[in-house]
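Take a look at the structure set out below.
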Amino acid sequence: MNKYVVTGGAGFIGSAIERALLRDGASRVTVIDNLRSGKEANLEDVRSSVDLHRVDIRDYDALRTAMEGAEIVFHEAAIPSVPLSIDDPVPSHEVNINGTFQVMRAAAAVKIRRLVYAASSSAYGDTEVQPKAETMQPAPKSPYALQKLTGEYYASVYASCFGLDTVSLRYFNVYGPRQDPSSPYSGVLSLFIKCILAGKAPTIFGDGEQSRDFTYVEDVAQLNLKAARASGFSGRMYNGGNGGRITLNQAWSLLQKFEGVSIPPLYGPPRAGDVRDSQACTKAAVRDLGHDPKYSFEEGLRLTLEWYRASVR
Ligand code: UD1
């Protein structure tokens with residue numbers, strides 16, 4: 113039986129967690145993914161070490177079977193995107209809330225030792241104070257933010273009522289290799305990189321002065337491993353950010369500098385449900401989990417650009 117299960121394991125963050133686990137000595141990893149947005153291509157380099165269960169996370173019985181005998185579950189499966197949750201709220205509600213409930217129910221039934229839940233910084237909403245600390249009141253501004261916050265509350269209630277040990281990590285705009293740039297709902301840096309490699313102008317929603325704590329995927333994968341191992345802290349939530357803050361204008365400028373080009377962006381109206389600024393306070397995650405982000409924005413963006421360049425070739 114495999115010790116580790118990753119839901120959404122064929123996705124960009126889930127597959128980074130698998131790679132980190134395998135590098136760290138795990139012999140095999142169970143992947144649960146319905147391949148809706150996950151891709152087998154993301155598993156190419158680890159295919160011989162993962163057991164892929166093509167399962168929808170709303171399917172309790174199939175989840176139970178796939179999790180039987182495991183010790184740790186990393187719950188990454190979700191339908192992401194703030195604007196998608198506004199344009200088409202039903203699927204994201206069903207997967208992000210109902211699916212998350214079934215994952216926790218199955219994990220409790222098979223007596224998992226710890227479940228690490230992928231929560232989202234969007235739960236904070238617009239706060240004037242930066243950086244955002246775990247002690248702040250949540251104020252979700254979109255269905256996606258509310259759904260991810262509900263998952264966090266479920267993680268906490270599963271810990272207190274059903275004896276399932278859980279830790280939630282609020283991710284802050286994760287980026288890196290394998291993020292899918294193919295949809296208008298894709299993460300902004302993947303879209304920017306696609307544009308710069310094609311020599312095209314991106315569209316920036318608003319004035320481009322909104323900021324994000326862009327966090328490199330490898331740092332997030334390492335934080336997941338640490339959260340799985342830290343003893344105690346069950347039912348708690350931690351920020352999984354880098355601790356910095358970059359505006360979209362700065363990100364596009366840096367890409368132009370890397371490529372030695374000058375392409376003015378197009379500016380459009382601000383996007384519904386958007387948060388203005390987002391920066392993580394990392395103190396609690398550093399103190400309790402040993403969080404230790406290693407990638408500066410410049411370094412992470414350069415590595416990501418190189419990866420996309422090679423994959424386009
Ligand atoms: C939010 C969450 C993040 C979560 C993600 C899941 C916040 C602060 N962050 O990200 O933790 O992982 O949802 O999807 O809520 N933009 C453009 N042009 C584009 C695309 C996007 O200007 O072509 C802008 C958006 O309007 C936004 C910023 O870029 O201001 C980031 O957007 P996106 O990458 O979609 O992520 P968030 O919605 O910030």
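Counting from 113, one number per residue, gives the positions in the sequence shown under my numbering. Every residue gets a Cβ at the ideal spot worked out from N, C-alpha and C, and that includes glycine.
How about residue i and residue j: are their beta carbons less than 8 Å apart?
i      : j      : result
LEU281 : ALA230 : yes
TYR407 : GLU330 : yes
PRO382 : GLY299 : no
GLU183 : ILE224 : yes
THR394 : ASN351 : yes
ASN208 : GLY263 : yes
ALA122 : GLU152 : yes
SER390 : PHE284 : yes
VAL162 : VAL185 : no
ASN354 : ALA392 : yes
Which two residues bound the contiguous alpha helix (DSSP H) that contains residue i?
i      : result
ALA132 : 124-135
TYR229 : That residue, TYR229, is in no alpha helix (DSSP H); its beta strand (DSSP E) goes 226-232.
ARG176 : 172-179
Thinking just about the alpha-carbon of each residue, which of the options is nearest to the one in residue i?
i      : options                           : result
LYS115 : VAL207, ARG399, VAL222 and ARG170 : VAL222
PRO296 : VAL286, ILE316, GLY288 and ASN336 : ILE316
GLU321 : LEU309, GLN334 and PRO377         : PRO377
GLY275 : GLY412, GLY347 and ASP404         : GLY347
VAL279 : LEU133, GLY123 and LEU401         : LEU401
PHE213 : LEU175, MET248 and VAL241         : LEU175
LYS253 : PHE304, ALA384, ALA189 and ASP173 : ALA384
With a threshold of 16 other CB atoms inside 10 Å of the CB of residue i, please say whether the residue is buried or exposed.
i      : result
GLY380 : exposed
THR327 : buried
LEU147 : exposed
ALA369 : In the sequence as displayed, the identity of residue 369 is Lys instead of Ala. The residue is exposed, with fewer than 16 neighbouring Cβ atoms inside 10 Å.
GLY344 : exposed
PRO260 : First, the amino acid is wrong: residue 260 is Lys here, not Pro. Buried is the call here.
ARG324 : buried
Report the partner residues of residue i according to the DSSP bridge assignment.
i      : result
LYS244 : ALA392
THR315 : LEU378
Identify the continuous beta strand (DSSP E) that holds residue i and give its terminal residues.
i      : result
PHE409 : Per DSSP, PHE409 belongs to no beta strand (DSSP E); it is in the alpha helix (DSSP H), 409-424.
ASN351 : 348-352
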